[in-house]
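Count the sequence shown with this note's numbering and you get residues 1 to 613, in order. For each residue, glycine too, the CB sits at the ideal point set by N, CA and C.
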Amino acid sequence: MTTALASRAEPVHVGETATKPPGRWVRPAVFGLLAATALLYFWNLTASGYGNSFYAAAVQSGTQDWKAWLFGSLDAGNVLTVDKPPAALWVTTAFARLFGFSSFTVLAPQALMGVASVGLLYLTVKRTSGPIAGLFAGAALAVTPVAALMFKFNNPDALLTLLLIAGGYCTIRAIETASPRWLALAGVAIGFGFLTKMMQAFLVLPAFGLAYLVAAPASLGKRLLHLLGAVVAVVVSAGWFIALVDLWPTDSRPYIGGSDGDSLLELALGYNGLGRIFGMGGGVMVGGPGGSGGGNVGFGGESGLTRMFGASFGGEVSWLLPAALIGLVAGLWFTRRAAGTDRTRAALIVWGGWMLVTSLVFSFMSGIVHPYYAVALAPSIAAVVAISGTSLWRGRAHFAPRVFLSLMIAASAVWAYILLDRDADWLPTLRWIVVGLGLVTATVVLVGVPPARKLAAVVATVSVLTIGLGTTAYGIETASQSHSGSIPISGPSTGGERGMGMGMEEGSSAEIGAVLAATTTKWAAATSSSQSAANLELASGKSVIGIGGWSGGDPAPTLAEFQRYVENGDITYYVEGGRGGGPGGGSNEIAEWVAENFTATTVGEQTVYNLLS
């Protein structure tokens, strides 16, 4: 890790390995990694259909109306938006506009983002720790189960993860030469991360700022000035859209879904910000089963220090987390006396700080939290294991590095055994292979790696296999499954698709969709809740109002607005069903008004009112 540690085993400082001319094997290995990642993420991609119908319907609306694309409206008539900012929808809708709206064009952008994330993580880690570490980091990210899940699914988390890695890359580049331009670019990446999933993007900022403050080769005054410039870049790159929404006449744009006061900034600070952390909110549902300490896997399970290892998050992302924690401690200890600009330590602060802050926030959140959020944690874990593991391997001639390295291997093997044992009926012999191989390998490393190059290569290969075998198998299994609903889950299928969702059943939506497809009004129908509206939109190809938004608490449309739409002949049907009527929402009173003034008919098992009769 330090020059003193690595000098007897290797003539170059760990942080300088990136400057060595790459071997002939590097480029083919990188292409192989990217090709394998693409195969994993694109294979049988459309088996998940439209994935999360909520976001898929917003993409469809964006292909039908430019304003819907700009604001991320659920419906092409622009009554209200989804409950997230629209950056991820901008990308996916652009793809769908270019190549036509379909299951493939809805899901393919996320798969491309996954390949780009793996490649960019490789480039970032390579700069400080060499190509082997970069390849290991990229591969570890690719097969992390939650990454294999979310890079094949159309939630905003895929773009968020790519932007966070881009921020990390720019920060590493900025640290190398104390570059304010690269640091500002890191701020731009995080700002657009805010426009993807709001305040979750800011969790990496403490690590990025600390690493630059510690390691950039410039005076303290210049470092502080550069950090101030990066903060400005974050504010501008995130704030322009907030300003656009606030300045746009409210009667000419959709209601901001999930907010109490039709404000994107309030949405960021409330429902998608502090409400997620502390479980508080206004007129929208911010809690959930398990979110405040319950056992529901889809809502994070019990909060606390062990949540990342529990039944909810454990199988998603924690396979290498014990090794990463051990490696981070070792790395910071062995670089404690290194020069302030030491690149290995700077990299550990970037990725280790990202890992610690994100893990702690996810662990203690008492509002809405879902296991798939952990995809934003996966790059940092992969990077820390790769950087610390390769650095310790270079210092293997010394006993202390061997102790930490053997602990990383043993901890990975034992923890993989525990995680695999939670799905004991799936590949039951794998956990025994992993733990047996791991403990033997850890012992060999501790005693001393044979000096012969070929034998050392064998030990290194077996070590990597031991660390990565469990997560790779689980990741491949995850990628082979279809997923749907609003809460996709990693791991082996227990029958049916892997995911949880709410709203109208797809069978009912398909029957009604055939009826709605023949309509010619601005909105084919209205129904309670965005989830049900989304299913109807996808089934019919028409615009449907999701009264009350995601949780039924959005005051859009109001009863007066809905009555005006009906009076103008803008809506053909009202479809009963879904979920709604939350505080501040008008879905219940709209349903009552419709029932009092129009005649009900039945389509399939669903009650439908013709509002034009």
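**Asked** In three-state terms, what does DSSP make of TRP523?
**Response** strand
**Prompt:** Under the three-state reduction of DSSP, which class applies to LEU89: helix, strand or coil?
**Reply:** helix
**Request:** Count the other CB atoms, across all protein chains shown, that sit within 10 Å of the CB of THR521; report buried if there are 16 or more and exposed otherwise.
**Result:** buried
**Asked** DSSP on PRO428, reduced to helix/strand/coil?
**Response** coil
**Message:** Excluding the 5 residues flanking TYR55 on each side, which residues of the same chain have their C-beta closer than 6 Å to its C-beta?
**Reply:** ASN154
**Asked** Can you give the Cα-Cα distance for VAL79 and ALA534, rounded to whole angstroms?
**Response** 13 Å
**Item:** Supposed contact pair GLY541 and THR527 - C-beta distance, whole angstroms, cut 8 Å
**Value:** Going by Cβ atoms, the distance from THR527 to GLY541 rounds to 16 Å, so no, they are not a contact pair.
**Cα-Cα separation between SER391 and ARG402, rounded to whole angstroms** = 11 Å
**Request:** Examine the Cβ distances between the segment 322-337 and the segment 370-390 and report whether three or more of them are shorter than 8 Å.
**Result:** yes
**Message:** At the level of alpha carbons, what is the spacing between LEU39 and ALA108?
**Reply:** 12 Å
**Asked** Is it buried or exposed for LYS197, if we count other Cβ within 10 angstroms and need 16 for buried?
**Response** buried
**Request:** Check the DSSP bridge columns for ILE571 and list the partner residues they point to.
**Result:** TRP523
**Request:** Could you check how far apart the C-beta atoms of VAL440 and LEU420 are, in whole angstroms? I think they sit under 8 Å.
**Result:** Not a contact, Cβ separation roughly 18 Å.
**Message:** On the CB-based measure, 16 or more other CB atoms within 10 Å of its CB, does TRP43 come out buried or exposed?
**Reply:** exposed
**Request:** Would you mind reading off the limits of the alpha helix (DSSP H) that contains THR63?
**Result:** 53-64
**Request:** Would you mind reading off the limits of the beta strand (DSSP E) that contains TYR609?
**Result:** 606-610
**Request:** Could you pull out every unbroken alpha helix (DSSP H) segment of at least 4 residues lying fully inside the segment 186-259, listed in chain order?
**Result:** 205-215, 220-247
**Request:** Just the C-alpha distance for LYS454 and VAL26, rounded to the nearest angstrom, thanks.
**Result:** 19 Å
**Request:** Put ALA36 into one of helix, strand or coil per three-state DSSP.
**Result:** helix
**Asked** In three-state DSSP terms, what is VAL369?
**Response** coil
**Asked** From the DSSP output, which residues share a beta bridge with LEU80?
**Response** TYR255
**Asked** Fully enclosed by the segment 530-560, which beta strand (DSSP E) runs are 3 residues long or longer?
**Response** 544-547
**Message:** So for VAL449, helix, strand or coil by DSSP?
**Reply:** coil
**Prompt:** Is VAL447 buried or exposed, if buried means 16 or more other CB atoms sit within 10 Å of its CB?
**Reply:** exposed
**Prompt:** In chain order, what residues of the same chain have a beta carbon less than 6 Å from the beta carbon of VAL375, not counting five sequence neighbours either side?
**Reply:** VAL146, ALA147, MET150, ASP157, THR161
**Item:** Distance between ALA57 and LEU516 (C-alpha atoms, nearest Å)
**Value:** 15 Å
**Item:** Residue range of the beta strand (DSSP E) that includes ALA600
**Value:** 600-603
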